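Visitor: Number 538 in our numbering belongs to position 15 of the sequence shown; there are no gaps in the numbering. Ideal Cβ placement from N, Cα and C applies to all residues, glycine included. All values reported here derive from a predicted model rather than from experimental measurement. Here's a structure for you.
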Amino acid sequence: MKKAVVVILLSVLASMVVNIAAAGPVMDRILQKGELLVGTTGTQPPLNATTRDGKIIGFDADLAKLIALNMGVKVKFVTMPFAKLLPALETAKVDMIVSSMTMTLERNLKVAFVGPYYISGKGILTKAQKIAALQDPEGLNRSEFKVAALQNSTSQKFVEMSAPKAKLVTTKSYDEAVDMLFQDKIDAMIADYPFCAFTTFRYKDKGLVAGQSKLTFEPLGIALPEDTLLINWVRNFMIMLEGSGQIKKLNNRWFKDASWIKELP
Numbered sequence: 524m525k526k527a528v529v530v531i532l533l534s535v536l537a538s539m540v541v542n543i544a545a546a547g548p549v550m551d552r553i554l555q556k557g558e559l560l561v562g563t564t565g566t567q568p569p570l571n572a573t574t575r576d577g578k579i580i581g582f583d584a585d586l587a588k589l590i591a592l593n594m595g596v597k598v599k600f601v602t603m604p605f606a607k608l609l610p611a612l613e614t615a616k617v618d619m620i621v622s623s624m625t626m627t628l629e630r631n632l633k634v635a636f637v638g639p640y641y642i643s644g645k646g647i648l649t650k651a652q653k654i655a656a657l658q659d660p661e662g663l664n665r666s667e668f669k670v671a672a673l674q675n676s677t678s679q680k681f682v683e684m685s686a687p688k689a690k691l692v693t694t695k696s697y698d699e700a701v702d703m704l705f706q707d708k709i710d711a712m713i714a715d716y717p718f719c720a721f722t723t724f725r726y727k728d729k730g731l732v733a734g735q736s737k738l739t740f741e742p743l744g745i746a747l748p749e750d751t752l753l754i755n756w757v758r759n760f761m762i763m764l765e766g767s768g769q770i771k772k773l774n775n776r777w778f779k780d781a782s783w784i785k786e787l788p
């Protein structure tokens, strides 16, 4: 009996050693390489966007740069469609995701999150001539309506839940959906509220209209792999960033100052 107990205890201790040894592999890799790989779409302004010369800018980009700077490493942005971000994190193609990603419970079953660093919500973007129809009690939930949403996003789920009668069109990027709206291939798109508001401002002459209020509660967070040390470090850094007023400065820079728009294609 005693031998059996000893064997069980040794097995438990062995598993604990393995877990401890594996507690910081991603952080170790980042520090050894001197480089932080950050997954982002680069197509979700004002949170992240790509300039004419290919640079990634925006709230998310500045946040990622601050994280890398305080780790003492360089930042490298790895851009891809939104639907590919989580698979890239799970297969170690990126070290973290900073890309306007809502901290949903479903996603949290697969990856860790630190945040929220910004509270967003879903908005609706359409053309002026369509806005009257949206005031109808049925709203988007009409079979003749074509509604675009980012593939594998909370926007897609919102349409599926709130407007099951509408024809859902999933896109790889916001840019693709906006182009379809310009060409009248869709009647409206559901996207992050800041993007909807930004797009109406950017294309003032296109007759676009955004809803006046957020349709959902969307806490945005930094998605991370299962690395205890990395998660702990990012959580503590975000606490200090908030306390120092840097988050407020980022808000002012990207949501109240529109001078950066001229850098976009």
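1. In chain order, which continuous runs of the beta strand (DSSP E) of length 3 or greater are located wholly inside the segment 718-782?
2. So, is N775 buried or exposed, given that buried needs 16 or more other C-beta atoms within 10 angstroms?
3. Alpha carbon to alpha carbon, how far is T751 from V670?
4. Have a look at M761 and L773 and give me their C-alpha separation to the nearest angstrom.
5. Under the three-state reduction of DSSP, which class applies to A544: helix, strand or coil?
6. Can you confirm whether the segment 591-600 touches the segment 554-566 when touching is taken to mean that 3 or more C-beta pairs between the two stretches lie within less than 8 Å?
7. Does DSSP put V682 in a helix, in a strand, or in coil?
8. Along the chain, where does the beta strand (DSSP E) containing E786 start, and where does it finish?
9. DSSP beta-bridge partners for F636?
10. Would you mind reading off the limits of the beta strand (DSSP E) that contains L609?
Guide: Judging by the given coordinates:
1. For the segment 718-782, whole beta strand (DSSP E) runs of length 3 or above, ordered along the chain, are 731-733, 741-747.
2. Answer is exposed; the Cβ neighbour count stays below 16.
3. Within the model, the alpha-carbon separation for T751 versus V670 is close to 40 Å.
4. Each residue's CA atom was taken as its position, placing M761 and L773 some 13 Å apart.
5. Residue confidence is low: A544 scores 38 on pLDDT, short of 50, so the model does not pin down where it sits. Its coordinate-derived value is still stated next. DSSP, read as helix, strand or coil, puts A544 in helix.
6. Short answer: they touch.
7. DSSP places V682 in the helix class (H, G or I) of the three-state scheme.
8. E786: not part of any beta strand (DSSP E); DSSP gives it neither H nor E.
9. BP columns for F636 point to A746.
10. That residue, L609, is in no beta strand (DSSP E); its alpha helix (DSSP H) goes 608-613.
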